[in-house]
Ligand code: AMP
Ligand code: ZN
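In this note's numbering, the protein residues as written are 14 to 123.
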């Protein structure tokens with residue numbers, strides 16, 4: 014678990030962050046710089062650098078992220094109005110934190 018990784022530090026509670034959800038494998042918290050009224054980050058506790066570094070053994074972690082997304086969207090009340098799920102991959106794809114995470118973005122008035 015790299016000590017220079019911000020999301021590992023958040024997972025380890027070295028950087029105090031309010032979790033909206035936590036279980037053995039994941040944490041969910043609000044993006045500090047929200048792009049929409051609802052902007053959550055769904056983060057596996059396992060340090061995986063980027064989607065390019067996924068191993069076959071990580072498949073369950075990634076599919077589990079989508080189940081949490083489904084539940085959090087409902088919990089945040091955006092499941093019916095709609096939302097986006099986004100992975101930024103590598104620098105050119107907008108990734109700035111190199112610990113895999115899924116953005117859940119929604120809550121616009123549409
Ligand atoms: P990405 O560009 O996909 O790597 O997304 C990283 C996200 O983490 C950005 O949207 C940031 O606003 C967000 N972020 C950075 N630091 C924190 C923090 N301490 N707490 C919550 N979100 C953060
Ligand atoms: Zn990490």
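Each residue gets a CB set at the ideal place from its N, CA and C atoms; glycine is no exception.
Check whether the Cβ of residue i lies closer than 6 angstroms to any heavy atom of the ligand ZN, and answer yes or no.
i	result
residue 60	yes
residue 114	no
residue 20	yes
Would DSSP call residue i helix, strand or coil?
i	result
residue 8	In the structure as shown, the chain starts at 14 and stops at 123, and residue 8 therefore has no counterpart that could be examined.
residue 111	coil
residue 97	strand
residue 119	strand
residue 24	helix
residue 62	coil
Straight-line CA distance for residue i to residue j?
i	j	result
residue 113	residue 89	22 angstroms
residue 96	residue 15	31 angstroms
residue 62	residue 83	24 angstroms
residue 65	residue 40	21 angstroms
May I ask whether a heavy atom of the ligand AMP can be found less than 6 angstroms away from the beta carbon of residue i?
i	result
residue 108	yes
residue 45	yes
residue 101	yes
Contact check, residue i vs residue j under 8 angstroms by CB: the rounded distance?
i	j	result
residue 107	residue 49	Incorrect: roughly 15 angstroms between the Cβ atoms, too far for contact.
| said: For the structure I just gave you, are there three or more beta carbon pairs, one from the segment 15-23 and one from the segment 65-72, closer than 8 angstroms? | reply: no
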